[in-house]
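This report concerns only the one structure given below.
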Amino acid sequence: MATNTFVSGIRVTDASSNIFDFPLMPTDKGGVGLVIEPRPWEPGDPLRRWRIPIHPFSGGLNIDRLSGDPATYAKANADATYHGLLLFPPKVYSLTAANADHIKLIPFDSKIFIIGGRYVYYFDPATNTVTEDEDLGGGVSAVDATVFNSELIIACGESTKIFKRTTAGTYTQASDNTYAIALGVVGSYLWRAESTNKVSNCSSTPLTLTNWAPASPNQYAVGDTTYAVKSITDYGGIPWVGKGDGIYAPDPQSRFKNQAPQLFKTAHVDNTRCAFVAQGSLWVPSSSGLFQIRTGRSKKRGPEITFRPDFRFWVRCGVEYGDFIYMVVTDEASNGTTFICKMGVDTHSETVGHDYIYQEWARLDGSSKAYCLAVITSGTNPELVTGYGATGVRYLKLGRGGGRDTDDANYHFGTSMTLETGVMMPGSDLSELSTLVGVDTLCDFSRTNESLTVSYRWDSKTGAESYTNLLDEAETGGGTAPITGVGWSKVSRYAAANNTGRFLEVKLDGSAAMGGSADAAVTTNDTTLTDTRLSLTTNCLIGATITCDSKTMTITSNTATVLTGSGWSGGGNPGNGDAWSLDIGGAGTIRPAIREAWAHGYSHPEHTDVISLGIWAIDGAEVNGRMTGISASECARRWRDWQNEGTELLLEMEGYERGRNTRVLVKKVEVTNVLATPGKHPAQTAIGDMVKVSLVRVDRQGAYADA
46 MATNTFVSGI RVTDASSNIF DFPLMPTDKG GVGLVIEPRP WEPGDPLRRW RIPIHPFSGG
106 LNIDRLSGDP ATYAKANADA TYHGLLLFPP KVYSLTAANA DHIKLIPFDS KIFIIGGRYV
166 YYFDPATNTV TEDEDLGGGV SAVDATVFNS ELIIACGEST KIFKRTTAGT YTQASDNTYA
226 IALGVVGSYL WRAESTNKVS NCSSTPLTLT NWAPASPNQY AVGDTTYAVK SITDYGGIPW
286 VGKGDGIYAP DPQSRFKNQA PQLFKTAHVD NTRCAFVAQG SLWVPSSSGL FQIRTGRSKK
346 RGPEITFRPD FRFWVRCGVE YGDFIYMVVT DEASNGTTFI CKMGVDTHSE TVGHDYIYQE
406 WARLDGSSKA YCLAVITSGT NPELVTGYGA TGVRYLKLGR GGGRDTDDAN YHFGTSMTLE
466 TGVMMPGSDL SELSTLVGVD TLCDFSRTNE SLTVSYRWDS KTGAESYTNL LDEAETGGGT
526 APITGVGWSK VSRYAAANNT GRFLEVKLDG SAAMGGSADA AVTTNDTTLT DTRLSLTTNC
586 LIGATITCDS KTMTITSNTA TVLTGSGWSG GGNPGNGDAW SLDIGGAGTI RPAIREAWAH
646 GYSHPEHTDV ISLGIWAIDG AEVNGRMTGI SASECARRWR DWQNEGTELL LEMEGYERGR
706 NTRVLVKKVE VTNVLATPGK HPAQTAIGDM VKVSLVRVDR QGAYADA
C-alpha cells in the first residue's frame with residue numbers, strides 16, 4: 046500500500062489554454078510516482094556506434110562523400126586508379142629547355158620535338174635529356190607544328206614562312222609566301238590556317254605556295270574574323286577547326302559550321318587550343334570546361350564536373366594512351382597545384398551520374414600552365430611528357446604493354462603521397478553530433494624510409510583548416526603519428542577524447558624513398574653502390590638519383606644488387622656501410638601501398654525527456670490543498686483524449702525545468718485500480734485509479750537541459 050503525507054501534483058495547459066491540476070500518486074517510499082529518463086529523440090541506441098569505410102578511392106574526384114559516392118575523394122596526389130589499392134603518384138622528373146616557350150609537343154623521329162618561340166628542342170627518351178635542335182632566327186616565333194609525309198612542318202605565324210625538318214636533321218624555310226598560324230593533318234592532306242579565319246590544304250610539298258588550295262583569296266572561311274584559328278584536328282576524316290568562339294566542321298559544301306554553340310556564348314582567346322581526339326571523341330578545352338564532341342552533340346565531360354573543392358579547372362591539353370586519357374589541368378585562381386588528370390571510363394558505376402572517372406594522379410611542382418602533352422613509345426618504357434611554364438619540361442614513365450602499369454619493374458613512384466577524403470557523414474544525418482575514436486588501416490609501409498600519417502578534421506568551413514594527427518595512443522599526449530615498419534598489417538591510430546563534429550574528413554599522407562639503412566652490406570666505389578640485401582630487376586632504376594653520405598649520383602644501370610652511375614658528385618665515393626636513399630618512392634611492386642582504411646566512433650543524437658507519471662485519479666482529489674475539480678473518470682478520459690488527438694500540452698512540475706515553457710506529448714496511458722493513502726487524512730486509505738502517463742518532451746526553444 047502506497048502512503049504519503051503530502052500530495053503534490055502537476056499543472057497542464059491544453060491547446061485551448063484550459064488549465065488542469067493533477068495529483069501525483071504517492072509511493073510507499075514517501076515520494077510521488079515520477080520518473081524522468083533522457084532518451085534519443087529518434088528511438089534507438091543513445092550512443093550509436095559506427096565503422097565506416099574510407100576506401101576504396103577508385104571512383105576518383107568528387108566534391109564530397111555525401112551523395113552516394115563512397116569510392117571517391119576530394120583531393121589527392123596519389124594513384125587510386127586500381128580498385129582496392131591506393132599507391133603513391135608516379136615520379137615526375139624535371140628538365141629545362143632554357144630558351145623555349147612551349148606551345149606544342151610533336152612525336153617525330155623517335156623523339157618529342159618541343160615547339161615554341163625562336164628555338165626548337167627535342168626530348169630524347171633514350172637519354173631522358175632535352176637538347177636544342179635549331180635556332181629559327183631572330184624575330185621568328187613558332188606557333189604550331191605537325192608531322193606530314195615524314196617531315197616536321199613548323200608554322201611561324203602570318204608573316205614568317207613555314208619551316209620543315211627532315212629525319213636527317215636538316216631545316217629548310219619556304220621561299221614562297223607560305224604562312225600558317227595553325228597546322229593539322231587530315232587523312233593525306235596537310236591543312237593550314239593562313240590568317241585569322243582562312244584555311245586551305247595541300248597534298249605534298251607544303252613549302253610551295255601553288256600546292257595549296259583553294260588559293261588566296263578563295264580559301265575556306267571559318268566563322269568571322271573576331272577570333273583566330275587555334276587548332277586543326279582530324280576527327281572522322283574531316284578537319285575540325287578550333288577558334289575562340291567554337292569548334293567548326295565542314296558541311297558537304299565545305300561551309301564550316303560551329304559544332305559547340307556553348308563556346309560562342311563564352312568565347313575566349315584560348316578556347317579550343319590543344320583540342321585532341323581520344324576514345325572515339327573530339328575533346329575541346331575551354332575556359333568553361335572540357336567539351337566532349339561527337340557529331341551532333343557537345344557536352345561538358347571534363348574533371349570540372351566533379352566540383353573538386355578549392356580548384357578552378359581549366360584542362361589545357363590531353364592525350365590518349367592505353368585505357369586512359371591523360372590531361373594537364375591548371376587552377377585559374379593559381380591556388381591549386383597544376384596536375385595530370387588520369388581519366389578512364391566508369392565501367393563499374395563507381396560514380397553517380399558521371400561517364401568517366403577523374404583521378405588527381407600526379408601533381409606538378411607549382412601552379413604554372415602547360416599547353417602541350419605527348420606520349421613517346423620509342424624508349425624502353427613509354428613516357429608521358431609535358432611542357433610546364435615558360436621553359437620547363439616534365440616527364441614520367443608509364444608501364445610497358447597493357448595491364449596495370451604500376452606493376453612494371455621500371456615504373457617509378459614519387460616520394461610523397463596525399464589524399465583527402467572530403468566530407469563524410471558518420472551519423473544518420475549531418476545535424477547529429479559524432480565523435481571519432483580512430484582509424485584502422487591495412488597497409489604495407491615496411492621498407493626503409495616509408496611512413497604513413499593519418500589525420501582528421503571536423504566541420505571545415507573554408508577548406509583551409511588544419512588537420513589533427515591521429516596517434517598510436519591518445520591518452521598520455523605523447524603518442525606517435527607515423528606508421529612505419531608495417532607489412533600488410535592492420536594498424537590503428539586514435540583521436541583524443543571529446544572531439545566532436547557533424548561532418549568528418551580524413552587525410553592520408555605518405556612519404557617514401559627507396560634505400561637501405563647503414564649496414565656492412567653497403568659498399569661503394571667511384572661509380573657504384575652495392576647493397577647485397579637488394580633483389581632488384583635489372584635496369585629498373587635508370588634515371589633515379591641516389592644519395593649516400595651527402596654525395597649524389599644519377600643511376601645509368603643496375604643489377605640485382607649493384608647501382609651504377611657516371612660518378613659521385615664531388616668525386617671519390619661515399620665509403621662503406623652508410624645508409625643511402627633514392628629520389629623515388631618505389632619501383633614496380635617494391636612500393637608502399639594501402640588496401641583499406643576504416644574510421645570508427647560513435648554518434649550521440651538529439652535527446653529529449655520521457656517523463657513517466659502516476660496520476661492519482663480519485664473523486665475529490667486535491668493538489669497542495671486545492672481541489673482539482675476533476676472526477677476520477679474524467680481524469681483518465683482526458684489523458685486518453687489528449688493522446689488520441691496528439692495534443693501538445695504545456696507542463697508545469699515542481700523542480701523540473703522551472704522558468705521555461707515545457708511542452709509534452711502524451712505517448713502512453715494506462716489505468717490501474719489501486720489502494721493508497723491520499724495524504725489529506727494519513728490514517729485513512731482509499732481505493733482509486735492510478736493513471737500511468739508517459740510523456741515525451743517537445744523542445745521548441747533549443748534549451749533542452751541548459752543550465
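Residues 46 to 752, numbered by this note's numbering, are exactly what the sequence shown covers, in order.
Glycine included, every Cβ here is placed at the ideal spot set by N, Cα and C.
Beta-bridge partners of residue i, as assigned by DSSP
| i | result |
| --- | --- |
| R342 | R339 |
| Q218 | F208 |
| W643 | P98 and D485 |
| L418 | T431 |
| T597 | T592 |
| I292 | G287 |
| C362 | V373 |
| E196 | F193 |
| V237 | It should be noted that the sequence gives Arg, not Val, for residue 237. DSSP lists L228 and S245 as partners of R237. |
DSSP three-state assignment for residue i, whether helix, strand or coil
| i | result |
| --- | --- |
| D124 | strand |
| I350 | helix |
| D554 | strand |
| T255 | helix |
| T507 | coil |
| D368 | coil |
| T172 | coil |
| T451 | helix |
| D178 | strand |
| N49 | Caution applies to N49, whose pLDDT of 34 falls short of 50 and renders its modelled position unreliable; the value that the coordinates give is listed next. Looking at N49 - three-state DSSP - the assignment turns out to be coil, as it is neither helix nor strand. |
| T525 | coil |
| A227 | strand |
| G202 | strand |
| F356 | coil |
| E82 | strand |
| M735 | strand |
| H393 | coil |
| K725 | Reliability of the predicted coordinates at K725 is poor, the pLDDT of 47 falling under 50, and the value obtained from them is presented with this limitation in mind. Looking at K725 - three-state DSSP - the assignment turns out to be coil, as it is neither helix nor strand. |
| R745 | coil |
| C585 | coil |
| Y501 | strand |
| M672 | strand |
| G459 | coil |
| G411 | coil |
| T383 | coil |
Residue i, enclosing alpha helix (DSSP H) - first and last residue
| i | result |
| --- | --- |
| D762 | What the structure shows of the chain is the stretch from 46 to 752, and residue 762 is not part of that stretch, so it cannot be assessed. |
| L308 | P306 to K310 |
Where the beta strand (DSSP E) containing residue i begins and where it ends
| i | result |
| --- | --- |
| E699 | Looking at the DSSP string, E699 is not in any beta strand (DSSP E), and its letter there is neither H nor E. |
| C593 | T590 to C593 |
| V531 | V531 to Y539 |
| D146 | Looking at the DSSP string, D146 is not in any beta strand (DSSP E), and its letter there is neither H nor E. |
| Q404 | Y401 to R408 |
| K288 | I283 to K288 |
| P637 | Note, P637: premise wrong, no beta strand (DSSP E); not H, not E. |
| R110 | From DSSP, R110 is part of no beta strand (DSSP E); its letter is neither H nor E. |
| G659 | H652 to A662 |
| S423 | Neither: S423 is in no beta strand (DSSP E) and is coded neither H nor E. |
| Y280 | V274 to Y280 |
| N303 | F301 to N303 |
Integer Cβ distance of residue i from residue j, believed to fall under 8 Å
| i | j | result |
| --- | --- | --- |
| W503 | G546 | 2 Å |
| V267 | K288 | 7 Å |
| R318 | Y401 | Not a contact, Cβ separation roughly 21 Å. |
| Y539 | A526 | Not a contact, Cβ separation roughly 11 Å. |
| T486 | A238 | Rounded, the Cβ-Cβ distance is 54 Å, inconsistent with contact. |
The ligand MN heavy atom lying under 7 Å from the CB of residue i
| i | result |
| --- | --- |
| P297 | As far as ligands go, the structure on display features none, and thus does not contain the ligand MN. |
Worksheet item: Does the pairing of the segment 672–682 with the segment 496–508 give three or more beta-carbon distances under 8 Å?
Response: no
Discussion item. I'd like to know if the segment 644–658 and the segment 731–747 are in contact, where contact means that at least 3 CB-CB pairs between them fall below 8 Å.
Written reply: Taking a cut-off of 8 Å on C-beta distances, the segment 644–658 touches the segment 731–747, as three or more cross pairs fall below it.
Discussion item. Check whether the segment 145–152 and the segment 176–189 are in contact - that is, three or more C-beta pairs closer than 8 Å.
Written reply: yes
Worksheet item: Do the segment 448–461 and the segment 628–648 touch if we need at least three Cβ pairs shorter than 8 Å?
Response: yes
Worksheet item: Any chance the segment 105–112 sits against the segment 342–356, with 3 or more Cβ pairs inside 8 Å?
Response: yes
Worksheet item: Are at least three pairs of beta-carbons, each pair with one atom in the segment 268–275 and one in the segment 248–259, less than 8 Å apart?
Response: no
Worksheet item: When the Cβ atoms of the segment 643–654 are set against those of the segment 97–105, are three or more pairs found closer than 8 Å?
Response: Yes: at least three Cβ pairs fall under 8 Å.
Practice prompt. Say whether the segment 463–481 touches the segment 164–177, bearing in mind that this needs 3 or more beta-carbon pairs closer than 8 Å, one atom from each stretch.
Written response: no
Discussion item. Measuring CB atoms only, is the segment 609–621 touching the segment 63–73, in the sense that at least three cross pairs come out at less than 8 Å?
Written reply: no
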